[in-house]
Amino acid sequence: MIDIILSEHKAIEWQESCENYFRGWYFIDEEFYEKKETLIFFTDINEKNFEKKLKALNGNFSIVSKCKEKTYVAVDRIKSFPLLYTKIGQKVFISDNIETLKNLCYDKEIKLTSLQELIATGFVTGKKTIYNDIYQIQAGEYLIVDNKTGDIEVRQYYSHKHSADFEKSNKELCEELDAVLVNVFKRLIKSLNGKPVVLFLSGGYDSRLVAVMLKRLGYENMYCISFGQEKDKEVIAAKNVASTLGLKWYLINFSKNYFRKKLEEEEFREYIIKAANGICSPYYQGIVAEEFIKRGLIPKDAIFLTGNSGDVVEGEHFDSRFKEGKEHEKNIIIDSIIDTHYMIFGKKFGQKNLFRRFAVEFIGDKQIYSYDECHDICERFNWRERQSKYVINDVRCYDEYLGNEWRLPLWDNEFVEFWLRVPSNLRCNRKLYYEYVKNEKFLSANNKSLYRKSINLIKNHFMPIIEFFYPLEKLKEFIREKNPFYSVNLKDYLKILYLTKGYRTNTVTSHIFTEMGMLYNIKEITKLKELLEKEYY
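In the UniProt record's numbering, the protein residues as written are 1 to 537.
Next up, the structure:
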């Protein structure tokens, strides 16, 4: 038997017809479908054509379709709207809210290995969730459930793999990239339908690209917002972009205790539970949009845009430990994944054998990998785990907290598929993308100065010495900085430094520290320390 239990949402509601449920929007053959129009997807659904239908969609969605013998459950390529499932006896329960599934069976205990991983990374990898026997559907996956027996088959219809089969000059690739971007943003504009849009404009290249393309294609109903101090390099760069393009731009400098005050609001605390959903630590940046709305700077019904995650697909995160033309052992890939993703709560904790086993499960059975394979695996891990489970979770700020729609233009299928075909040497450190934008005259906070390059060089060669001074340096940063996203006071920050030794300690570390008490009843530092030190299997 199948029981489908879906929640109500502030924005982007489920559309339902005859036990078919669709949440989101999509393009097929350049035609845009949203709201009730999306239900056309369910015409003649069966096991043979369901995957083909999924592959034809270019958009953000989740799908549940209960047919006579089988039920089909799917999420899009980036898991924009998470779905979860559990099985009790022969009965399968499908929901978009983990609390709903947990409450069905009171012996659903917290899975301590998953909790450890959440602390280390900010998310739970694979199909696991924070609870035993409750699972998430991963990006690019769908389920086929037998309505009679409850048997569940998991299939993958999309995987973020590079073919790197372009054989064109840099000039030709830049021209093709430009044509792709025009197509992407024409689709975006069609989906916006003249509504006001709000773009988080930072000092980087991704949000700037969104602003430039919308301006180029004549979309005028656009507002840009930034937060920080006027002297911040990111703010200066954002202001320069907005001024050059002639866009409406607003800046708010939030106080250092902004986030701690938000935590006192019951509505916000309830939102955190929904956004975490047993999968991740919520990504909080978008909540600051609330203040722009309250001050009347942007429309209440605006659609929010971000530049997530252009840097990933364009090649920003290449690991220098992989050498072009050489082969590498599996352990080198494991080291890269661990060092990149498992260090939120300190170096010692992040190096647990448990986490290495999780990485091995993702990588596969081979022992030796080429340069291209190494980068492909690491980016695919980033896509399936960090991006789809943590970074994309930023949109919950809009649809669950504020009640607004959103768009992620740099996850458009055509844009991503272009970069999957670009050779590694042109993606490495975004070489091709920087060549594409080289003629622009905007300031950018991404430009690496000689000073920054020197600092990176020193870090690479003298890390053991630098790590010794981390706690003091991080304490100084906490006292001096005016970052509005720290969730702890000085007393609790000192506890964090005691546990992490300052290694990569940042606002996300503070969020996880706070959420351990709020969501998982781990309030005493001794209890948290025990959890960090213990080995579970």
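Here a beta-carbon is modelled for each residue, glycine too, at the ideal position from N, C-alpha and C.
Assignment of beta-bridge partners to Asn-253 by DSSP yields no partner. Counting only residues of its own chain and dropping the five nearest sequence neighbours on each side, Leu-173 has a CB closer than 8 Å to the CB of Phe-166, Val-422, Leu-426, Leu-432. By the CB criterion at 8 Å, Val-180 and Val-145 fall outside the cutoff. In the DSSP assignment, Asn-425 falls within the unbroken alpha helix (DSSP H) covering 424 to 427.
Collapsing the DSSP output to three states places Val-488 in coil. For Glu-47, no beta strand (DSSP E) segment is defined, and its DSSP state is neither H nor E.
Pairwise C-beta distances place the region 123 to 131 out of contact with the region 11 to 21, as fewer than three of them are shorter than 8 Å. When Asn-46, Gln-15, Asn-58, Glu-51 are compared, the shortest CA-CA separation from Glu-37 is found for Gln-15. Note on the region 387 to 422: whole alpha helix (DSSP H) runs with a minimum of 4 residues are 413 to 420, in chain order. Out of Thr-100, Lys-171, Arg-295, the CA that lies nearest to the CA of Lys-274 is found in Thr-100. The Cβ neighbour count for Ser-424, taken over all protein chains shown within 10 Å, is at least 16; the residue is labelled buried. Between the C-alpha atoms of Val-312 and Asp-301 there is a straight-line separation of about 30 Å.
Taking every protein chain shown into account, the CB of Tyr-33 has 16 or more other CB atoms within 10 angstroms, so this residue is buried. Cα atoms of Glu-417 and Ala-164: separation of roughly 10 Å, rounded to the nearest angstrom. Shown here, Phe-292 sits in a helix according to DSSP, grouped into three states. 8 Å or more divides the Cβ of Ser-62 from the Cβ of Val-395.
A distance below 6 Å between beta-carbons, with the five flanking residues on each side excluded, links Lys-256 to the following residues of its chain, in chain order: Lys-482.
Contact between the region 177 to 195 and the region 215 to 235 is established, with three or more Cβ pairs separated by less than 8 Å. Check the Cα spacing between Ile-2 and each of Val-75, Asn-521, Gln-90: the tightest is with Gln-90. Of the residues Trp-249, Thr-509, Tyr-72, Met-518, the one whose Cα lies closest to the Cα of Glu-51 is Tyr-72. Under the Cβ criterion (8 Å, minimum of three pairs), the region 196 to 210 counts as touching the region 232 to 248.
Secondary structure of Glu-385 (DSSP, three-state): helix. Following the DSSP letters along the chain, one finds Met-222 inside the beta strand (DSSP E) bounded by residues 222 to 227. With respect to the 8 Å criterion, Ile-4 and Gln-136 are not classified as neighbours on the basis of their beta carbons. When the beta-carbon positions are compared, Cys-224 and Leu-199 come within less than 8 Å of each other. Taking Lys-195 as reference, the option from Leu-490, Val-182, Leu-305, Ile-98 with the minimal CA-CA separation is Leu-305.
Closest option to Asn-429, judged by alpha-carbon separation, among Asp-365, Phe-318, Asn-506: Phe-318. For Phe-304, the three-state secondary structure derived from DSSP is strand. Contact between Val-197 and Ile-303 holds, since their C-beta atoms are separated by about 5 Å, short of 8 Å. The three-state reading of DSSP puts Ser-510 in helix, counting H, G and I together. Contact check for Ile-130 against Leu-143 fails: the beta carbons are separated by 8 Å or more. If you draw a straight line from the Cα of Ile-479 to the Cα of Ile-134, it comes to about 41 Å.
Annotation: Ser-243 to Val-75 spans about 39 Å, alpha carbon to alpha carbon. Gly-364 and Asn-97 have their C-alpha atoms spaced approximately 31 Å apart.
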